[in-house]
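Read in UniProt numbering, the sequence shown has 19 at position 19, and its numbers run on one by one without any break. Beta carbons are placed, not taken as given, at the ideal position from N, Cα and C, and that holds for glycine. Everything below concerns the one structure shown next.
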Amino acid sequence: MADKSSFVGVFDSGVGGISVLRHLVDELPHEDFCYFGDSANNPYGGKTPDEILSLSRGIVDDMAARGAKAVVIACNTATSVAAARLRLEYPDLPIVGVEPAIRPATRAPRHERILVMATQVTLALDKYHRLAEECGSSSQILGEPCVGLAHRIEQGNLDAPDLHGLIETLVGRYRGTVDSVVLGCTHYPFVRAQIRDVVGDVPLFDGGTGAARRLRSLLAERDLLAEGDAPGSVAFASSLRGPGQLDLYERFFRLEV
Ligand code: DGL
Numbered sequence: 001m002a003d004k005s006s007f008v009g010v011f012d013s014g015v016g017g018i019s020v021l022r023h024l025v026d027e028l029p030h031e032d033f034c035y036f037g038d039s040a041n042n043p044y045g046g047k048t049p050d051e052i053l054s055l056s057r058g059i060v061d062d063m064a065a066r067g068a069k070a071v072v073i074a075c076n077t078a079t080s081v082a083a084a085r086l087r088l089e090y091p092d093l094p095i096v097g098v099e100p101a102i103r104p105a106t107r108a109p110r111h112e113r114i115l116v117m118a119t120q121v122t123l124a125l126d127k128y129h130r131l132a133e134e135c136g137s138s139s140q141i142l143g144e145p146c147v148g149l150a151h152r153i154e155q156g157n158l159d160a161p162d163l164h165g166l167i168e169t170l171v172g173r174y175r176g177t178v179d180s181v182v183l184g185c186t187h188y189p190f191v192r193a194q195i196r197d198v199v200g201d202v203p204l205f206d207g208g209t210g211a212a213r214r215l216r217s218l219l220a221e222r223d224l225l226a227e228g229d230a231p232g233s234v235a236f237a238s239s240l241r242g243p244g245q246l247d248l249y250e251r252f253f254r255l256e257v
């Protein structure tokens, strides 16, 4: 039975969710976090919803069996496909998802045209269309599927010219024409500067802080917040076994987001 001293499980299709993990640790520094990157199956964005649901369910089953007190789906794609379903399957386990931060972007002083960068699955599903419709009365929401970008970020080497070239191909045509950009995939905060280089110096929004606040409130509601002042721990695991994989995760954890 999970209690206050249990860990919080966090997962993504790879390194991306580490951008969310950074916000979780800042918001809840006394919690223990176990991060799982499903890098062996990256990218989720090119998979079918059934495949994504089955991969996500496998990870949540494992975290629940190991006694997690909450799970954060630190992946927009897996949240869109699987969060509602997994909450039904695990009614006693707080499950936090991330969604494209369109709402905060529409509250910014300039919000006429908002570019949403995300995976093709996130942008194809009803959840996104409902959100874009709810938020779209005062803004034009432009969804752009960024095929290949998460997978390229997964390889590291974020300053390489090919990465800049890929971002240019994906969103270069929006340069100077949008008021803000929503980073609707948790991999993208790691290339904020590169995205600004291409699109222009506009505000960028991501779902990390929203997820962190939601986790705090769910843990508080269920009286599951860690006790005491001792700093919590962060442990990494990956489905991709190979030399350097966990070093890569630790390196991303130290990057600015
Ligand atoms: N980081 C994931 C997201 O937030 C997905 C990347 C992928 O595996 O395609 O959508």
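(message) Let me check one thing: in DSSP terms, what residues is Ala34 bridge-paired to?
(response) Correcting the residue identity first, residue 34 is Cys in this sequence and not Ala. The partner list for Cys34 (beta bridge, DSSP) reads Gly9, Ala235.
(request) Report all residues from its chain with a CB closer than 6 angstroms to the CB of Val81; omit the five preceding and five following residues, and keep chain order. (result) Pro49, Ile52, Leu53
(message) Given this structure, state the Cα-to-Cα distance separating Arg113 from Gln140, to the nearest angstrom.
(response) 5 angstroms
(message) Three Cβ pairs or more, each shorter than 8 angstroms: is that satisfied between the stretch 199-212 and the stretch 15-25?
(response) yes
(request) Please find out if some non-hydrogen atom of ligand 1 comes closer than 7 angstroms to the beta-carbon of Ser13. (result) yes
(request) Pull up the distance between the alpha-carbon of Asp92 and that of Asp247, whole angstroms please. (result) 34 angstroms
(message) What I want to know is whether the C-beta of Asp44 ends up closer than 7 angstroms to one or more non-hydrogen atoms of ligand 1.
(response) Sequence inspection shows Tyr at residue 44; the Asp mentioned does not correspond to that position. At least one heavy atom of ligand 1 is nearer than 7 angstroms to the Cβ of Tyr44, so yes.
(message) I'd like the span of the beta strand (DSSP E) that includes Leu142, first residue to last.
(response) 140-145
(message) What does the alpha-carbon distance come out to for the pair Thr169 and Leu142?
(response) 16 angstroms
(message) For Ile153 and Val15, what's the separation of their Cα atoms in angstroms?
(response) 8 angstroms
(message) Alpha carbons only, please: which of Gly58, Val72, Tyr249 is nearest the one belonging to Val10?
(response) Val72
(request) Could you tell me the distance, in whole angstroms, from the CA atom of Asp61 to the CA atom of Glu89? (result) 10 angstroms
(message) Report the CB separation of Pro100 from Gly184 in whole angstroms; it is logged as a contact under 8 angstroms.
(response) 3 angstroms
(request) Just the C-alpha distance for residue 282 and Cys135, rounded to the nearest angstrom, thanks. (result) Nothing can be reported for residue 282, as the shown portion of the chain is limited to 1 through 257.
(message) Closest to Arg173 by C-alpha separation, out of Tyr188, Ile195, Val191, would be which residue?
(response) Ile195
(request) Starting from the N-terminal side, write out each stretch of the beta strand (DSSP E) that is 3 residues or longer and does not extend beyond the stretch 55-136. (result) 70-73, 113-118
(message) Please tell me whether His187 and Leu149 are closer than 8 angstroms, where the distance is taken between their beta carbons.
(response) yes
(message) Is any non-hydrogen atom of ligand 1 found closer than 7 angstroms to the C-beta of His187, if you look at the structure I gave you?
(response) yes
(request) Sort out for me which residues DSSP pairs Ser180 with in a bridge. (result) Ile114
(request) Excluding the 5 residues preceding and the 5 following Gly232 in the sequence, name in chain order all residues of the same chain whose CB lies nearer than 8 angstroms to its CB. (result) Val25, Leu28, Pro29, His30, Glu31, Asp32, Phe33, Ala226
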